[in-house]
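Undergrad: Residue numbers (the working numbering): 287 to 630.
Where is the CB? At the ideal position from N, CA and C, for every residue including glycine.
A quick note: this is a predicted structure, and the numbers were derived from the prediction, not measured.
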């Protein structure tokens with residue numbers, strides 16, 4: 287039995303299509319159950335779920351009146367799931383007919399603990415940041431695929447759809463913001479393998495609003511530092527592959543804002559006595575102002591793809607730094623507001 291778990295908060299526009307993509311696939315219906323937890327939805331999500339349930343006995347819905355956050359909902363649904371394999375999926379992520387089959391087939395090997403899907407970004411627009419996000423997502427997919435092939439130590443599934451053995455699931459702490467990475471590292475910590483299957487494809491509208499994506503990346507960043515503190519010992523313990531992937535793929539990226547600050551500070555200090563370092567410091571400051579320059583150029587109808595990519599890199603690292611400060615201030619809950627997708 288396979289249990290598909292979906293946490294939903296105000297997903298009236300997507301929930302019907304989502305459930306259809308799960309139940310309408312090629313996976314045998316008699317070996318499949320779908321559990322949806324509505325996280326205090328205030329739109330028509332609950333009513334839509336009730337209508338779908340009348341026609342689909344394998345759909346089980348649970349309506350929660352108080353916000354729990356995605357990890358809290360998943361923790362509750364797992365207690366009710368009958369399947370030995372759990373597929374955790376977001377309400378706005380659509381499955382292909384063969385997605386579940388591709389996710390499940392690797393669990394014939396006892397060493398496999400978690401299998402990730404491959405995200406295909408949709409809703410790409412000429413303006414905004416959707417092109418930059420698509421490029422970033424594509425690189426992430428490639429890196430995770432190679433981590434899987436070389437070491438079976440993939441770092442962090444695409445949180446929108448992945449499968450895990452129920453026996454390896456560890457409840458996500460109530461205050462943790464990034465549940466998928468916590469679950470991934472928990473599986474590796476228990477000695478099982480985490481891999482990506484590029485044939486298990488799913489689709490999602492990519493974010494197009496810099497403001498929305500900054501908010502999302504800030505939240506993810508705070509959660510990343512939570513996970514870094516929790517799993518820091520895995521940098522040095524366990525297999526070489528896990529430690530290398532953890533540091534090179536994740537930790538190195540998370541410390542970039544601090545490396546930038548250190549580099550700028552040293553260049554400024556050395557610039558007092560050296561014109562070369564003074565010029566270097568000025569160039570670094572100029573790069574930091576590229577998001578402002580890109581915004582102004584956009585307002586007068588000038589679009590520069592290279593500048594937009596640099597701007598995106600700078601803004602996302604600023605979000606990383608903002609997330610660190612959020613983490614440092616303490617995080618008390620993991621209640622989330624889903625990111626608006628395909629924005630103008």
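1) Pick helix, strand or coil for residue 334, following the three-state DSSP scheme.
2) Exposed or buried, residue 435, counting other C-beta atoms within 10 Å across all chains shown (16 or more means buried)?
3) Roughly how many angstroms lie between the CA atoms of residue 617 and residue 431, to the nearest whole one?
4) Which same chain residues end up closer than 8 Å to residue 383 when comparing Cβ atoms and leaving out the 5 residues on each side of it in sequence?
5) Let me know if residue 695 comes out buried or exposed under the rule of 16 or more other beta-carbons within 10 Å of its beta-carbon.
6) With 16 other CB atoms within 10 Å as the buried threshold, where does residue 561 fall?
7) Secondary structure at residue 627, three-state DSSP: helix, strand or coil?
8) Roughly how many whole angstroms lie between the Cα atoms of residue 615 and residue 341?
9) Measuring alpha carbon to alpha carbon, tell me which of 393, 322, 370 ends up nearest residue 637.
10) Which runs of the alpha helix (DSSP H) at least 4 residues long sit entirely within the region 336 to 419? Give them in chain order.
11) Have a look at the DSSP bridge pairing and note the partners of residue 450.
12) Could you have a look at residue 498 and say whether DSSP puts it in helix, strand or coil?
13) Tell whether a beta-carbon distance below 7 Å holds between residue 407 and residue 492.
TA: Let me spell this out:
1) helix
2) exposed
3) Roughly 32 Å separates the two Cα atoms.
4) Closer than 8 Å at Cβ, skipping near neighbours: 310, 311, 312.
5) Since the displayed the chain opens at 287 and closes at 630, residue 695 lies outside it and no answer follows.
6) Classification for residue 561: exposed.
7) A caution first: residue 627 carries a pLDDT of 47, below 50, which makes its placement in the model unreliable, though a value can still be read off. DSSP places residue 627 in coil when its eight states are reduced to three.
8) 47 Å
9) This structure cannot settle anything about residue 637, because the visible part of the chain is limited to 287 through 630.
10) 355 to 366, 385 to 390
11) 372, 400
12) Three-state result, residue 498: helix.
13) Going by C-beta atoms, residue 407 is nearer than 7 Å to residue 492.
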